[in-house]
Structures are given as C-alpha cells and as structure tokens.
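Reviewing the structure listed below.
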Amino acid sequence: MDDLGLLKPICLLEKLFNHKLRLNESLANQFAGFSVIKDVISTAAGSAMVTVGATRVLCGIKVKVIPTLELESPFVCSVERTNLSQRILRATNPVSREIQTLSVQLDWILRTCAIPDAKEQLQIYFAATDANPDIKKMVCGMYILHVDLLILHDDGCLLDACLAAALAALSCAEWPKLEGKAGVSVGLASQTITSKMNFEEVATPQSLVRLRISDWPVALTFALVPRPPFSDEAEVNGKRELPLISQPSRRELLLWDTDATIFHIVLDSEGAVVDFGMVGGLSSCLWAYLEEAGICHNRAVLPELLSRATKECDAIRKQLM
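Going by full-length UniProt numbering, the first residue of the sequence shown is number 1, and it counts up by one from there.
Here it is in structure tokens:
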C-alpha cells in the first residue's frame, strides 16, 4: 500500500473523507487492537510478540557478560525490519532514520523510566573465598542485555508496539547467575581487576537472575487531520469533537501525507508524560485548535489527547504486567 504515496486521486479522496476520517469503519477515538504473547522464543532469555492493529513486532532478549562498568546503559536496543514488513524494502537498503531513532528512544525509556536501577541490578560480583570472604562485595562485571526487535509487519504505531514488546520480553527474561573467579591478584582498594577474569555459574536454587521493572511506560500514537467534524458527530457534551485519530494505520497516514500532525506520547504508571513528540506541527490544522480564542469553542488538542491516552494506557498496562 506504500504506492498510495506516489499517486493520489484527489477527487476520490475528497469523496471518501466526506463520509469518514478513517479507511476502516473504526471511530476516530477508537484505538487499535492490542495483544501480547510472552515466551515465544525458546532459545532467548526472554521474548514476546506484540500486535497493535496490523503491526506485529517480535522481541528477544540476549544476555552477554563484560568485565567492565564503564557503560552508560546496560541495554543494547536494535530494531530491524523483515523484507515482508514493507514491500518496497530491499536487503541492500540502509537502515532508515526512523528505525535508528526508534532504537535510541527505546534505550532511553528503558534506562530512565522503566528500569532506572538496571545497572545496579545487572552487576556481577566476585565469589567469596575462605582467604578473602569480603571479596564478594566487589563488582567484577556486568550483564549486557541485547533487546532485539524484529518488525514482522509494519502498519504504523511502531513505537507503541516496540516499547510494549521490549517490556513484555524483559519482564519474563531470566538467565543463570554468574560469579567472578579472580586469578592471582585483585586490587581491593581501587576495585580493579589485575588478573585474568573468569565467570562461573552459581549452583544454588536461587541461581537465576530476573529484572525488577520499576514502571510500565506505554506509548501511543495520534494524528490530527485537517478535516472538520461531521454534522452527526460534531457535538460531544456541547463541544466540537476534534478530528483526532487514535493510533492511525500507516496507510491512513500515507493518505493524509504531510497534512496530518502526528503525536507520539509515552505515559508512566502515574499518568505523567515521559516523552512527547510531534511531527508536522506547522500544518494549519494544528494551530486552529491551539489558538487561545478557539479553545472555548473547541476541545483543546493536548487535554483531549491526554484524556484518551490515560484510559488506554491503563488497559494496555494490565495486559503487559
């Protein structure tokens, strides 16, 4: 359906949007269907598959160990598309800016909101010895979690699906606990390793490592389109209804093209805004609803967006936890 961006029969689109805002029969304030399945990859430390509308994302967690603590983040987020997710994608195509930005954004949300103490949780300590029992308080390495996300089908709302898949996979991830075995000398004062380091599994009943997730942020996508509400649904509680689409599909965004203003919002469990982005904010449709004089006659964009997002985030969070 990406060909819709190449040729747009204007008269047909105008006739279509005279009857409805969306391609399907959904209402503008109706969110896409959401589902999550955990532990779908037996060889991964943790895994999940999330579906948002027609978008489907698969996430797997891979654990690596490094003998250093000089890292800004213990997560390595990687987002990739399959050749089936977009018809125009070819194996020789470089990674798009959208995918690169998505990887960085996921890493930031995970380490600042979802699991802010991840570095402390993922530290590896020395094994205690008879000669030096206090050595078990020293950190000798860290687990690095590779959060690999594969977009099986792309129909928009990628941040919504990828963040949910990453959290679901991390929530069920577990792996063997390791201890460091030092060689000849270990600098106790400076806590630096001066000999070869080996890591061994801990043979105890509580020998598995699991992450404690502090918060469950949820991402949602909206689109404000340059279209007045229809007469039969223009009034809601005495106020004009905004032409604000909840979780638009990629095909719908291709039809509206640059005329639509796209919002990405991430809310934590308390309803606070963790991240907010807006694309196409210079379009005329946005300013018509942000003007101070028009607020008394129209629903302001941001309050309406937050009201919808708060209710939907609670429903999604219950499925993830």
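Cβ coordinates follow ideal geometry from the N, Cα and C atoms, glycine included.
Buried or exposed by the 16-neighbour rule on C-beta atoms within 10 Å, applied to residue i
i    : result
F31  : buried
D107 : buried
V225 : buried
G271 : exposed
A315 : exposed
V202 : exposed
V50  : buried
G187 : Residue placement at G187 cannot be trusted, given a pLDDT of 45 that sits under 50; what the coordinates show is reported in the next sentence. Result: exposed.
Cα-Cα separation, residue i to residue j
i    : j    : result
G280 : G60  : 33 Å
I151 : F126 : 39 Å
V104 : C172 : 22 Å
V57  : E179 : 34 Å
L255 : V301 : 22 Å
M321 : H153 : 24 Å
S78  : L149 : 6 Å
L71  : A114 : 18 Å
A161 : Q247 : 11 Å
A44  : I144 : 14 Å
K119 : L305 : 34 Å
A260 : S96  : 21 Å
F199 : K181 : 6 Å
I262 : V273 : 16 Å
Whether residue i touches residue j by CB criterion (8 Å)
i    : j    : result
Q123 : V147 : no
L253 : I213 : no
V36  : A164 : yes
L159 : L102 : yes
R308 : S269 : no
G53  : D155 : yes
A28  : I245 : yes
Boundaries of the beta strand (DSSP E) in which residue i is found, first to last residue
i    : result
I66  : 55-66
A45  : Where A45 is concerned, there is no enclosing beta strand (DSSP E), given that its DSSP letter is neither H nor E.
K38  : 34-38
Q30  : Here Q30 belongs to no beta strand (DSSP E), and DSSP marks it neither H nor E.
F199 : 198-201
Residue i in three-state terms, based on DSSP
i    : result
P248 : coil
E72  : coil
C172 : coil
D148 : strand
E310 : Inspection of the sequence shows that residue 310 is occupied by Thr rather than by Glu. DSSP places T310 in helix when its eight states are reduced to three.
R317 : helix
E80  : strand
Start-to-end residues for the alpha helix (DSSP H) that takes in residue i
i    : result
A118 : 118-121
R111 : Careful: R111 lies outside any alpha helix (DSSP H) and carries neither H nor E.
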